[in-house]
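A.B. asks:
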Amino acid sequence: RSIWPYMLTFFDISLCEWLDRELGMSILLDIFNYNLSDLIDTKSDLDSLFYGMARKAMGWPMVKQSSEFYYPFLDDCIRMAKDFSADCFIYTQSIACKQFGAVPQLLREALHDEVGIPMLIIDFDVGDARMTSLKAFKDKITMFVQTLM
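Listed below in structure tokens is the structure:
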């Protein structure tokens with residue numbers, strides 16, 4: 030049961046099937062399918078509706094977690110790990126996201142200290158396999174699972 034707080038590869042989505050079939054690893058969440066905001070009040074009045082829509086938009090991962098220091102990101106990840114009983118995190122560190130360059134180690138320590146789960150960090154380019162090939166992804170994840178899971 031893994032959580033990927035950033036992205037999977039865009040260059041080969043067969044990785045998801047491989048994780049499930051070869052390692053028995055499911056992907057609970059990635060950056061495209063979690064938004065931890067409250068429900069929107071659609072019944073009261075227009076002001077409440079628009080306020081709720083704005084809060085939801087500000088709650089999307091890249092918006093919320095990049096609008097201040099790394100604390101919201103760490104808090105969200107710890108919450109997700111606990112709420113979804115994650116066994117591990119796999120953090121894909123994109124060369125395009127320099128603003129989060131130091132965060133993976135802080136997240137690794139927070140997950141270890143507060144939830145007791147390991148985290149793998151993989152440097153990659155989300156759309157270009159020349160930096161980190163699918164084989165390299167598989168090798169790193171396999172070693173991580175065999176060593177720490």
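One point on numbering: in the numbering used here, the residue at position 43 of the sequence shown is 72, and numbering is uninterrupted.
Where is the CB? At the ideal position from N, CA and C, for every residue including glycine.
Expressed to the nearest angstrom, what Euclidean distance is found between the alpha-carbon atoms of T121 and K85?
C.D. replies: Looking up residue 121 in the sequence shown gives position 92. Looking up residue 85 in the sequence shown gives position 56. Approximately 25 Å between the Cα atoms of the pair.
A.B. asks: Is A115 near I32, with beta carbons less than 8 Å apart?
C.D. replies: Indexing the sequence shown from 1 puts residue 115 at position 86. Indexing the sequence shown from 1 puts residue 32 at position 3. For A115 and I32, yes; Cβs fall inside 8 Å.
A.B. asks: How far does the alpha helix (DSSP H) with F166 in it extend, from its first residue to its last?
C.D. replies: As a first step, residue 166 must be located in the sequence shown, where it is residue number 137. Its alpha helix (DSSP H) spans residues L163 to L177.
A.B. asks: For S123 versus Y63, is the C-beta spacing smaller than 8 Å?
C.D. replies: Within the sequence shown, residue 123 is the residue found at index 94, counting from 1. Within the sequence shown, residue 63 is the residue found at index 34, counting from 1. No, they are not a contact pair.
A.B. asks: In whole angstroms, give me the CA-to-CA distance for D74 and F61.
C.D. replies: For the purposes of this step, residue 74 is identified with residue 45 of the sequence shown, where counting begins at 1. For the purposes of this step, residue 61 is identified with residue 32 of the sequence shown, where counting begins at 1. Rounded to whole angstroms, D74 to F61 spans 30 Å at the Cα level.
A.B. asks: Tell me, which residues are paired with I119 by DSSP?
C.D. replies: Counted from its first residue, the sequence shown places residue 119 at position 90. BP columns for I119 point to L149.
A.B. asks: Can you find the residues in the same chain that come closer than 8 Å, C-beta to C-beta, to D76, ignoring five residues on each side of it along the sequence?
C.D. replies: As a first step, residue 76 is located in the sequence shown; it is residue number 47 there, counting from the start. No residues qualify anywhere along the chain.
A.B. asks: What does the alpha-carbon distance come out to for the pair Q134 and M54?
C.D. replies: Reading the sequence shown from its first residue, position 105 is the one you call residue 134. Reading the sequence shown from its first residue, position 25 is the one you call residue 54. Cα to Cα, Q134 sits roughly 23 Å from M54.
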